[in-house]
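Right, one structure below, let's go through it.
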Amino acid sequence: MAIDILMPALSPTMEQGKLAKWLKKEGDKVKPGDVLAEIETDKATMEVEAIDEGVLAKILVSDGTDNVAVNTPIAVLAGEGEDVSAAASSARAPAAPAPEAQPAPTPDMQAEGLAQRPAPDGIQGTDVTPVAEPAAPAVITNRTTHDAMAEIPEGTEMVTMTVREALRDAMAEEMRKDGNVFVMGEEVAEYQGAYKVTQGLLQEFGPKRVVDTPITEHGFAGVGVGAAFTGLRPIVEFMTFNFAMQAIDQIINSAAKTLYMSGGQLGAPIVFRGPNGAAARVAAQHSQDFSAWYSNVPGLKVIAPYSASDAKGLLKSAIRDPNPVIFLENEILYGQSFPVPKLDDFTVPIGKARIHREGKDVTIVSFSIGMTYALKAAQELEKEGIQAEVIDLRTIRPMDTDTIVASVMKTGRCVTVEEGYPQSGVGAEIAARIMEHAFDYLDAPVIRVTGKDVPMPYAANLEKLALPTVAEVVQAAKAVCYR
Amino acid sequence: MAVAARKAGRAGSGAANKSTSTKGQVRKAAPNTPQFDKDQDLSAYNDMLLIRRFEEKSGQMYGMGLIGGFCHLYIGQEAVVVGMQMATREGDQVITGYRDHGHMLACGMDPKGVMAELTGRRGGLSKGKGGSMHMFSKEKHFYGGHGIVGAQVSLGTGLAFANHYRENGNVSLTYFGDGAANQGQVYESFNMAALWKLPVVYIIENNRYAMGTAVTRASAQTDFSKRGVSFGIPGEQVDGMDVRAVYAAAQRAIEHARTGKGPYILEMQTYRYRGHSMSDPAKYRTKDEVARMREEHDPIEQVRRRLLEGWKLSEDELKAIDSRVREIVNEAAEFATHDPEPDPSELYTDILL
Ligand SMILES: Cc1ncc(C[n+]2csc(CCOP(=O)(O)OP(=O)(O)O)c2C)c(N)n1
Ligand SMILES: [Mg+2]
Chain A
1 MAIDILMPAL
11 SPTMEQGKLA
21 KWLKKEGDKV
31 KPGDVLAEIE
41 TDKATMEVEA
51 IDEGVLAKIL
61 VSDGTDNVAV
71 NTPIAVLAGE
81 GEDVSAAASS
91 ARAPAAPAPE
101 AQPAPTPDMQ
111 AEGLAQRPAP
121 DGIQGTDVTP
131 VAEPAAPAVI
141 TNRTTHDAMA
151 EIPEGTEMVT
161 MTVREALRDA
171 MAEEMRKDGN
181 VFVMGEEVAE
191 YQGAYKVTQG
201 LLQEFGPKRV
211 VDTPITEHGF
221 AGVGVGAAFT
231 GLRPIVEFMT
241 FNFAMQAIDQ
251 IINSAAKTLY
261 MSGGQLGAPI
271 VFRGPNGAAA
281 RVAAQHSQDF
291 SAWYSNVPGL
301 KVIAPYSASD
311 AKGLLKSAIR
321 DPNPVIFLEN
331 EILYGQSFPV
341 PKLDDFTVPI
351 GKARIHREGK
361 DVTIVSFSIG
371 MTYALKAAQE
381 LEKEGIQAEV
391 IDLRTIRPMD
401 TDTIVASVMK
411 TGRCVTVEEG
421 YPQSGVGAEI
431 AARIMEHAFD
441 YLDAPVIRVT
451 GKDVPMPYAA
461 NLEKLALPTV
471 AEVVQAAKAV
481 CYR
Chain B
1 MAVAARKAGR
11 AGSGAANKST
21 STKGQVRKAA
31 PNTPQFDKDQ
41 DLSAYNDMLL
51 IRRFEEKSGQ
61 MYGMGLIGGF
71 CHLYIGQEAV
81 VVGMQMATRE
91 GDQVITGYRD
101 HGHMLACGMD
111 PKGVMAELTG
121 RRGGLSKGKG
131 GSMHMFSKEK
141 HFYGGHGIVG
151 AQVSLGTGLA
161 FANHYRENGN
171 VSLTYFGDGA
181 ANQGQVYESF
191 NMAALWKLPV
201 VYIIENNRYA
211 MGTAVTRASA
221 QTDFSKRGVS
231 FGIPGEQVDG
241 MDVRAVYAAA
251 QRAIEHARTG
261 KGPYILEMQT
271 YRYRGHSMSD
281 PAKYRTKDEV
291 ARMREEHDPI
301 EQVRRRLLEG
311 WKLSEDELKA
321 IDSRVREIVN
331 EAAEFATHDP
341 EPDPSELYTD
351 ILL
């Protein structure tokens with residue numbers, strides 16, 4: 001029987017790819033293991049190998065075809081002893097290429113940088129105390145609400161780029177400016193990054209400043225901290241933050257505490273960065289959100305951006321910051337596109353949230369990939385007449401309490417959204433701060449939407465159940481609105 | 001099941017080299033490769049072929065979207081685990097990293113259960129909750145299946161600690177890669193294992209690359225058999241593409257560990273034909289290099305030739321073995337495709353006892 005050769009999925013998140021080149025032609029004999037073709041995705045070029053023996057009867061998708069959906073038949077193989085021309089004619093009509101990639105789910109893309117910052121009643125001006133004095137010794141460090149819109153001057157030209165490119169550009173720009181900045185980690189140089197975030201850096205800056213390490217997280221994290229003690233500014237990439245658990249002792253005991261223990265003599269200006277949280281179908285040991293973990297530790301700053309422009313502006317700030325910064329990226333967001341300001345030196349301040357979307361009925365607070373649920377939920381709620389205000393925390397520590405509190409004083413209701421575990425999560429912290437600072441303004445208890453309280457399962461159906469959903473956010477928002 | 005790996009009652013008949021190993025010394029593999037009798041060749045052929053065909057099928061099912069996430073194939077390295085298992089006895093434990101399908105099959109775990117775990121179904125060995133990298137079988141003494149590079153080395157040392165504690169005479173076979181060999185906890189484990197004379201054999205599967213990093217770019221000492229020298233752990237470099245050499249070395253190492261002399265290191269010089277995982281840009285090595293290894297050193301082809309030329313089996317007899325193996329693999333794939341996903345209630349089970 002003729003065998004269809006299908007467009008393979010070669011990475012957990014691949015949906016389509018380009019058929020770059022056929023290495024075999026019609027009529028060629030192939031055996032298992034022979035490389036038939038090369039395909040390209042945004043991450044890499046990969047080879048399609050034959051699994052069965054036979055003759056390549058017909059090529060259905062020709063060289064250079066873009067957006068070939070996974071599982072599309074790309075060729076027909078005639079099996080042993082089979083009539084090649086019959087097999088070729090049995091081929092289905094070549095499938096049309098998949099429609100143009102859906103734009104990344106960033107509902108408010110156009111609004112990015114355009115929406116007006118809200119002016120909550122009664123808290124403007126310097127003479128007004130925006131929040132009540134904390135009842136307990138409090139963690140509030142900033143007292144002014146921040147105008148995130150002012151980060152990008154009006155009329156600035158915007159260019160569309162992916163989060164991946166924005167991160168790369170941020171590193172490259174800072175490396176051009178400061179010879180003390182260098183990158184190290186597993187596969188960051190010759191391989192161009194396991195997730196291609198450091199693409200091109202080796203070529204521009206050479207192996208002295210773009211350093212491939214062995215698989216020795218605890219060791220190279222310590223090496224980075226030691227180098228930072230002397231004033232170098234390492235960017236340490238963890239292939240994923242799951243592997244930073246090998247190194248967490250150096251991050252917390254050495255990087256976070258030395259400034260304090262040395263009475264301010266020496267600290268560690270270092271950035272630890274890499275993808276954090278669940279990717280897709282990689283199961284418990286590779287799918288964990290560490291936002292809450294690091295945010296528990298004094299002596300660290302913790303950043304978890306959602307959009308490409310925040311990723312770029314915040315990473316540049318993190319590299320310049322004199323403190324250890326944990327920079328939590330997200331694999332699913334890497335390939336998503338956003339408008340990014342075209343400025344010579346665009347930075348975003350650490351510790352400032354951004355109101356992504358204004359609303360008066362309920363406040364939804366989230367960060368990183370959580371924003372995708374929050375924004376979609378806000379759109380759904382709008383249809384039902386509920387105006388949600390969506391706050392992107394951007395920095396988890398120090399947390400911008402003022403922006404949250406000001407919003408809750410306006411809406412009286414709050415839902416938090418994150419992929420991490422519920423207990424002692426970021427949402428729990430937000431709820432506590434709202435109780436401390438805006439208890440009298442609350443019309444309903446704060447509800448947390450989180451990942452479920454279980455290790456991440458592998459099975460597709462269970463994985464879906466373990467993650468938060470837009471429906472859960474909508475439901476929570478309606479619940480706090482008593483609807 | 002005719003061709004699934006069998007564990008017991010196979011050790012001992014091979015003409016292994018009985019050279020002694022001096023403490024802390026590193027020797028090259030014996031120059032004259034020990035011979036296999038016909039049964040041994042047949043059994044090794046069956047077991048390796050099962051792994052090869054199983055992995056080819058896994059790759060295919062991944063391409064069809066039935067398997068998700070990371071999926072690391074063992075193709076090319078089959079002789080290592082098969083040769084090692086030939087020298088074990090019931091009760092010996094096996095632990096490895098994420099490139100674990102071959103180890104599980106060689107331990108006699110059900111191909112259906114392995115494949116159904118790859119597809120995330122309820123009949124999988126971890127009920128669909130672990131996936132390719134995380135599978136276990138207490139019954140077959142297989143302790144995983146670990147996704148964190150290097151973690152299994154301390155864990156495997158702990159299995160040996162338990163054997164020592166219980167004085168049960170069992171040996172822990174602890175597998176890890178050339179990349180994993182650079183993790184700090186490996187040396188912490190080596191020290192404890194040597195200090196307490198724990199019955200563990202460390203099998204370093206040196207397939208020359210850790211993802212896209214060639215051994216020479218990551219390791220100051222690329223002779224992995226010497227990695228235990230400062231702890232007085234003996235080590236050997238072994239031709240990991242020749243199942244006979246693996247078996248002979250396994251016998252020496254396991255004997256050493258079982259008789260209370262402490263840990264032993266085997267550097268298996270092997271090669272992975274496929275990419276690191278399913279997504280691999282394959283830019284770090286040449287196509288020629290891969291083709292040469294496949295053509296000149298294939299572990300299965302070596303045995304196949306012996307069966308045909310040495311033991312005078314006919315092509316038909318080999319074809320019959322091949323189709324039996326394919327049948328098992330197809331059955332497993334069939335099961336893994338149609339078995340239902342886990343019940344949603346499974347989300348909250350197995351978290352605490
Ligand atoms: C602690 C940790 N760091 C990094 C990774 C990502 N990673 C998975 S496999 C791998 C390469 C390991 O290579 P090697 O030990 O040689 O084993 P092989 O894949 O060749 O079998 C890396 C870096 C991980 N899983 N765990
Ligand atoms: Mg390796």
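Chains as they are written, first to last, in full-length UniProt numbering: chain A, 1 to 483; chain B, 1 to 353. Beta carbons are placed, not taken as given, at the ideal position from N, Cα and C, and that holds for glycine.
Restricting attention to beta strand (DSSP E) runs no shorter than 3 residues, the segment 202-241 of chain B encloses them at 235-239, ordered along the chain. Taking the Cβ of A:V236 as the reference point, every heavy atom of ligand 1 lies at 6 angstroms or farther away. Residue-level contact by beta carbon fails for A:T72 and chain B, as no gap is shorter than 7 angstroms.
For B:M268, the secondary structure class from DSSP, reduced to helix, strand or coil, is strand. The criterion of a C-beta distance shorter than 7 angstroms is not satisfied by A:I364 and A:V325.
One Cα belongs to A:E47, the other to A:T41, and the distance between them is close to 11 angstroms. Under the three-pair Cβ rule at 8 angstroms, the segment 287-297 of chain B counts as touching the segment 256-274 of chain B. For B:M61, the CB contacts under 6 angstroms within the same chain, skipping 5 residues up- and downstream, are I67 in chain order.
In this structure B:I95 is in contact with B:L159, their Cβ atoms being roughly 6 angstroms apart against a cut-off of 8 angstroms. The DSSP-derived three-state label of A:Q16 is strand. Taking C-beta atoms under 8 angstroms as the contact rule, A:I303 and A:L328 qualify, at a distance of about 7 angstroms. Here A:M184 carries a strand assignment [DSSP, helix/strand/coil]. In the DSSP annotation of this structure, the continuous segment of the alpha helix (DSSP H) that includes A:Y294 starts and ends at 291-295. A:I59 is a Cβ neighbour of A:A75, given a cutoff of 7 angstroms.
Remark: C-beta atoms of A:V474 and A:A388 do not approach each other more closely than 7 angstroms.
With 16 or more other Cβ atoms inside 10 Å of its own Cβ, B:N163 counts as buried. Distance from the CA atom of A:A78 to the CA atom of B:K319, rounded to whole angstroms, is 20 angstroms.
With fewer than three CB-CB distances shorter than 8 angstroms, the segment 293-308 of chain A does not count as touching the segment 192-211 of chain A. Contact between A:L333 and A:R394 does not hold, since the beta-carbon distance rounds to 13 angstroms and is not under 8 angstroms. Taking 8 angstroms as the upper bound for CB-CB distance, B:L105 and B:V325 are not in contact here, some 11 angstroms apart. In this structure, A:V183 sits near A:V210, with a CB-CB distance shorter than 7 angstroms. In this structure A:E419 touches A:L467 by the C-beta definition: roughly 6 angstroms separates them, less than 8 angstroms. Legend: CB atoms of the segment 182-200 of chain B lying less than 9 angstroms from CB atoms of chain A belong to residues N182, Q183, G184, Q185. When the five nearest sequence neighbours on each side are left out, the beta carbons in the same chain lying within less than 7 angstroms of the beta carbon of B:V329 are those of R53, F54, K57, P111, in order along the chain. Here A:G222 has Q250, S254 as same chain residues with Cβ atoms under 7 angstroms from its own Cβ, once five neighbours each way along the sequence are excluded. Inside the segment 158-203 of chain A, DSSP marks whole alpha helix (DSSP H) runs of 4 or more residues at positions 163-177, from first to last along the chain.
Within a 10 Å sphere around the beta-carbon of B:I351 sit fewer than 16 other beta-carbons, which makes this residue exposed. Contact annotation for B:L347 against chain A: K452, V454, P457, L462, L465, A466 [CB-CB distance below 7 angstroms, chain order]. Put simply, the CB of B:I351 is near chain A, with a gap under 7 angstroms to one of its CB atoms. Below the 7 angstroms Cβ cutoff, chain A contributes E187, D212 as neighbours of B:T213, in chain order. A straight-line Cα-Cα distance of about 10 angstroms links A:G263 and A:K257. Distances between the C-beta of B:Y209 and the heavy atoms of ligand 2 include at least one below 6 angstroms.
Taking C-beta atoms under 8 angstroms as the contact rule, B:V243 and B:P299 qualify, at a distance of about 6 angstroms. Close CB contacts of A:K478 within its chain, under the 8 angstroms cut and outside five residues either way in sequence, are with L381, E384, I386 (chain order). For A:K452, there is no enclosing alpha helix (DSSP H), since its DSSP letter is neither H nor E.
In the DSSP assignment, A:H146 falls outside any alpha helix (DSSP H) and carries neither an H nor an E.
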